[in-house]
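>
In the working numbering, the protein residues as written are 222 to 345.
#1: Would you call residue 273 buried or exposed, if buried means 16 or more other Cβ atoms sit within 10 Å of its Cβ?
#2: Compute the beta-carbon to beta-carbon distance between residue 329 and residue 307, rounded to the nearest angstrom, for a pair I have assumed lies under 8 Å.
#3: Taking the alpha carbon of residue 337 as the point to measure from, which residue in 322, 316 and 258 has its own alpha carbon closest?
#4: Leaving out five residues on either side along the sequence, give the residues of the same chain with a beta carbon under 6 Å from the beta carbon of residue 247.
#5: Name, in chain order, the residues that DSSP records as bridge partners for residue 332.
#6: Return helix, strand or coil for residue 240, following the three-state DSSP convention.
#7: How would you write the range of the beta strand (DSSP E) that residue 295 sits in, first residue to last?
#8: Report the option in 332, 312, 344 and 333 whose CA atom is closest to the CA atom of residue 323.
#9: Out of 260, 335, 310 and 314, which one is the CA nearest neighbour of residue 245?
#10: Is it buried or exposed for residue 321, if we count other Cβ within 10 angstroms and need 16 for buried?
#11: With distances taken from CA atoms, which of 234, 301 and 312 is nearest residue 341?
#12: Would you list the residues sitting across from residue 253 in a DSSP beta bridge?
#13: What's the C-alpha gap between residue 333 and residue 235?
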């Protein structure tokens, strides 16, 4: 998964500190800078790339540089204990929940520095 951000330092700190992701690769070049973070041991749960483009980046269509309507995109992460996540997030980020959804899962929702919705949920 790749997330384009407006400020790499702010976003990489947010994801590594709040979600406990490990930065496994970083780079900086004329076109932009970014990092790759891993979910789980050695990326066993997947990888997240956070990328800050510069005006010099001509490799992508101009639409990629436009701000996203972040209400159409969200990250959903399944967890074992939503109560542990609620305790962990308390005082660090404003979040909604825990809330029981009509389909039986419990959810917590919050936003990243670029207003991207992140939802953490547990199966009941």
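Backbone N, C-alpha and C fix where the C-beta goes; we use that ideal spot for every residue, glycine too.
Considering the structure as presented:
#1: buried
#2: 6 Å
#3: 316
#4: 256
#5: 338
#6: coil
#7: 295-299
#8: 344
#9: 260
#10: exposed
#11: 301
#12: 250 and 274
#13: 7 Å
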